[in-house]
Structures are given as C-alpha cells and as structure tokens.
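Participant: Numbering follows our numbering, in which position 44 of the sequence shown is assigned residue number 46; successive positions increment by one, without gaps. Here you go, one structure.
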Amino acid sequence: MRLKSSKNTILIYLLFTLIFSSVIWVLTLNAPDAGRIAGRMFGYGIMWCPTLATLVTLKLTGRKMSGLAWKLGEPKYLWNSYFIPLFYSLVAYLIIWSMGWGHFYSTSFVTKTAHEFGWDNLPHWFFIVIFFLMNGVIGMFASISTALGEEIGWRGLLVPELAKKMGYTGVSLTSGLIWGIWHYPLLIFGNYNNGTPAWYGLICFTVSITAASFIYTWYRMKSGSLWTGVLLHASHNLFIQGFFTPVTEQNIHSPWYIDEFGAVVPIVTIFLAIYFWSRRKELNDVAK
C-alpha cells in the first residue's frame with residue numbers, strides 16, 4: 003500500500019527517524035568512554051539516520067530518491083551557504099574574545115595540533131592561518147559527508163513536505179524545533195554539551211538551531227536545492243566545532259558563551275534569522 007498524502011509522509015519520516023536514531027542513541031549512551039574511533043562511528047551513524055528514514059519513507063509512499071532536490075541551483079546560493087556560517091561564527095567569536103569570555107588563541111591547542119602535523123617550528127600565527135585554510139577546504143569534504151546524511155532528510159524531504167501545509171515562518175519553526183529536539187537524547191543523557199547545566203545548554207542549542215533553520219529554509223526554498231542545506235550545515239559544524247571553539251583559550255566563563263551551547267552564537271544567529279525572515283516575500287514555492 004502506498005501512502006501519498008503529505009501528512010502521512012511527514013509522520014512516516016519522523017517515525018522511522020526516531021526508530022533508526024534510537025539504535026544509535028542507545029549504542030552511544032552505552033559507551034560513555036567512547037574514544038576517537040567509536041565516537042566517529044556513532045557520529046556518522048546518527049547523522050545518516052535521517053537519510054535511512056527518507057529511503058523508507060519514499061519507498062512506502064511510492065516515490066523515488068531521484069525526485070528530491072538534487073540539482074545544484076545557482077552558484078551564488080551555494081557560495082553564500084558556505085560563507086554565511088563562517089560569517090556568523092566569526093562575529094560570535096570576535097564578541098567572545100573581545101568580552102573576555104575566551105581568548106584568542108589556545109597555545110596548547112595550536113602547539114599540539116602543529117606537532118601532529120609535524121610543523122612544530124612554524125610560528126603560531128602562521129600555523130593558525132594554514133590550519134584555518136586547510137580546515138576550510140579539505141575539512142569541508144569530511145564535514146559534507148556527515149551533513150549530507152542529515153540534510154537529505156531535513157531539507158531534502160521534511161522541509162518540502164511541510165511547505166505543502168504551511169508558509170516559510172511555519173516551516174522554519176517546525177523543522178527547526180524537530181531538528182533541535184532530535185538532538186535532545188544525547189544532549190540530556192550524553193556528554194554532547196559544554197559542561198554547563200543541561201537546561202542551559204538545551205535552551206542555547208534549541209534557539210541556535212531553530213534560528214539557523216530560518217536561514218536553511220530560506221535558501222532551500224529560494225534555490226530549490228538541498229545542497230544549500232548541506233553546505234550551510236557542513237560549514238557551521240566545520241567552523242564552530244572544528245576551528246573557532248578549539249582555537250579559543252577557555253576560562254571559567256567560556257562554557258556559558260562559546261560554541262552551540264553558549265549564549266553568543268544563538269544571539270548572533272537570531273539576528274540573521276530576522277534578516278531572512280524579513281526577506282520571506284522573495285520566496286517562491288519549494289521546488290519539487
């Protein structure tokens with residue numbers, strides 16, 4: 003039996019996302035001391051659960067994977083999707099550094115990382131530049147490989163289905179909250195936070211990801227391509243988790259302000275969300 007309605011599609015997708023994700027949640031929470039290899043495996047696993055749910059949903063609703071928004075769209079939207087997270091990350095961390103909630107840069111991180119590359123003799127400032135460029139280019143491929151797993155589901159399937167039932171604001175809020183809540187098991191029961199109280203990290207993370215959803219949804223609708231979501235997501239993870247947070251010298255105040263679980267990134271992202279919300283009239287229907 004094929005279930006065609008958008009309501010059924012959304013419910014099926016969310017159900018199977020929950021089922022598949024629950025397996026990885028249990029495995030992850032059962033391995034609190036997971037090291038680099040196990041952590042990477044679980045990380046890849048959880049981020050590809052939305053794609054597995056999408057495959058099942060499309061099968062049950064009689065649709066094909068090729069029917070998702072695979073076209074690249076206009077290059078400017080792809081470039082913007084890469085640079086926007088870099089922009090708001092830079093603004094957020096400039097605020098953090100200038101306010102003394104963290105400092106640029108972490109000598110221990112730079113020394114350790116330079117040693118891993120075998121570049122111990124490079125001046126620290128020069129290594130930071132090289133590391134930033136390498137991370138922003140080579141690291142992007144690894145980041146895309148995980149972001150794609152989520153975005154096939156969130157922006158490839160869920161957003162267009164929601165757009166059949168509600169406008170841009172509703173789609174952004176709904177998909178953003180679903181996306182955020184999906185992270186809650188690891189936020190609450192795992193160690194996926196900054197070390198602040200769980201309630202604080204949840205608030206900051208939820209605000210950050212819901213605000214970001216206004217950006218992701220705008221570009222998905224405007225470009226008709228799920229690749230904008232992939233690049234936005236990959237760039238966000240890459241620059242916040244892979245560069246700005248580790249390069250920051252932390253102090254006792256830092257956990258409350260840095261990363262996705264501190265206050266600054268959500269506040270900066272809210273301003274961008276308001277900006278894209280103000281441009282909502284530019285949007286056409288989501289491309290099928």
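Glycine is no exception: its CB is placed at the ideal position from the N, C-alpha and C atoms.
Can you tell me whether T250 is helix, strand or coil according to DSSP?
Facilitator: Residue mapping note: residue 250 aligns to position 248 of the sequence shown, counting from 1. Here T250 sits in strand by DSSP.
Participant: Just how far apart, CA to CA, sit G64 and G264?
Facilitator: What you label residue 64 is simply residue 62 of the sequence shown in a count that begins at 1. What you label residue 264 is simply residue 262 of the sequence shown in a count that begins at 1. Distance between the alpha carbons of G64 and G264: 43 Å.
Participant: Return the bridge partner residues of H105 from the DSSP annotation.
Facilitator: As a first step, residue 105 is located in the sequence shown; it is residue number 103 there, counting from the start. DSSP output for H105 lists E251 as bridge partner(s).
Participant: Quick one, are the C-beta atoms of R282 and T171 less than 8 Å apart?
Facilitator: Working through the sequence shown from its first residue, we reach residue 282 at position 280. Working through the sequence shown from its first residue, we reach residue 171 at position 169. Yes, the pair counts as a contact, with Cβ atoms nearer than the cut-off.
Participant: Helix, strand or coil for G226 per DSSP?
Facilitator: On the sequence shown, position 224 is the one that residue 226 refers to. Three-state result, G226: coil.
Participant: Would you report the Cα separation of G141 and L240, rounded to the nearest angstrom?
Facilitator: What you label residue 141 is simply residue 139 of the sequence shown in a count that begins at 1. What you label residue 240 is simply residue 238 of the sequence shown in a count that begins at 1. When rounded, the distance between both Cα atoms is 7 Å.
Participant: Drop a sphere of 10 angstroms on the beta-carbon of D261, count the other beta-carbons inside from all chains shown, and report buried for 16 or more, exposed for fewer.
Facilitator: Sequence index remark: in the sequence shown, residue 261 carries index 259 (1-based). The residue in question, D261, is buried, as its Cβ has 16 or more Cβ neighbours within 10 Å.
Participant: Quick check on the burial criterion: 16 or more other C-beta atoms within 10 angstroms. Buried or exposed for R157?
Facilitator: Here residue 157 is taken as the residue at index 155 of the sequence shown, counted from 1. Buried is the call here.
Participant: Given this structure, state the Cα-to-Cα distance separating A213 from L274, to the nearest angstrom.
Facilitator: Counted from its first residue, the sequence shown places residue 213 at position 211. Counted from its first residue, the sequence shown places residue 274 at position 272. One C-alpha to the other measures close to 8 Å.
Participant: Which value, in whole angstroms, describes the spacing of the CA atoms of V161 and V139?
Facilitator: Residue mapping note: residue 161 aligns to position 159 of the sequence shown, counting from 1. Residue mapping note: residue 139 aligns to position 137 of the sequence shown, counting from 1. Their Cα atoms are separated by approximately 28 Å.
Participant: Can you tell me whether A33 is helix, strand or coil according to DSSP?
Facilitator: In the sequence shown, counting from the first residue as 1, residue 33 sits at position 31. Note: A33 maps to coil in three-state DSSP.
Participant: Check R42 in the structure and name its three-state DSSP category.
Facilitator: As a working note, residue 42 is residue 40 in the sequence shown. Three-state result, R42: helix.
Participant: Taking the alpha carbon of H235 as the point to measure from, which residue in T148, T271, T176 has its own alpha carbon closest?
Facilitator: In the sequence shown, the residue the question calls residue 235 occupies position 233. Residue T148 is the option with its Cα nearest to H235.
Participant: Using three-state DSSP, classify F263 as helix, strand or coil.
Facilitator: Counting from one through the sequence shown, the residue named residue 263 turns up at place 261. In this structure, F263 counts as coil in the three-state DSSP scheme.
Participant: Measure the C-alpha to C-alpha separation of F44 and W127 and round it to an integer number of angstroms.
Facilitator: Translated into positions along the sequence shown, residue 44 becomes position 42. Translated into positions along the sequence shown, residue 127 becomes position 125. Looking at the two C-alpha atoms, the distance is approximately 34 Å.
Participant: If I follow the unbroken alpha helix (DSSP H) through A149, where does it start and stop?
Facilitator: Working through the sequence shown from its first residue, we reach residue 149 at position 147. Per DSSP, A149 belongs to the alpha helix (DSSP H) from 126-155.
Participant: Quick one: what does DSSP say R281 is sitting in, helix, strand or coil?
Facilitator: Here residue 281 corresponds to residue number 279 of the sequence shown, with the count starting at 1. Reduced to three states, the DSSP call for R281 is coil.
Participant: Is T30 near G192, with beta carbons less than 8 Å apart?
Facilitator: Along the sequence shown, one-based indexing puts residue 30 at 28. Along the sequence shown, one-based indexing puts residue 192 at 190. Yes, they are a contact pair.
Participant: Do you know offhand how far G2's Cα is from L233's?
Facilitator: Any question about residue 2 goes unanswered here, given that the chain covers just 3 to 290.
Participant: With H, G and I counted as helix, E and B as strand and the rest as coil, what does DSSP make of P162?
Facilitator: For the purposes of this step, residue 162 is identified with residue 160 of the sequence shown, where counting begins at 1. In the structure shown, P162 sits in a helix (DSSP, three-state: H, G or I).
Participant: Which residue's Cα is closest to the Cα of F106: E284, P199, T247, G47?
Facilitator: The residue given as residue 106 occupies position 104 in the sequence shown. The option with the nearest alpha carbon to F106 is T247.
Participant: So which of I269, F245, K224 has the shortest CA-CA distance to E76?
Facilitator: Taking the first residue of the sequence shown as 1, we reach residue 76 at position 74. Of I269, F245, K224, the residue nearest in Cα terms is K224.
Participant: From F278 to E284, what distance separates their C-alpha atoms?
Facilitator: Here residue 278 refers to the residue found at position 276 when the sequence shown is read from its first residue. Here residue 284 refers to the residue found at position 282 when the sequence shown is read from its first residue. Spanning the two alpha carbons is a distance of roughly 10 Å.
Participant: Evaluate M49 with the Cβ neighbour count: other Cβ atoms within 10 Å of its Cβ, from every protein chain shown; 16 or more gives buried, anything less gives exposed.
Facilitator: What you label residue 49 is simply residue 47 of the sequence shown in a count that begins at 1. Flag for M49 reads buried.
Participant: Could you give the distance in angstroms between the alpha-carbon of T56 and the alpha-carbon of S110?
Facilitator: Counting from 1 along the sequence shown, the entry for residue 56 is found at position 54. Counting from 1 along the sequence shown, the entry for residue 110 is found at position 108. Going by the C-alpha atoms only, they are around 42 Å apart.
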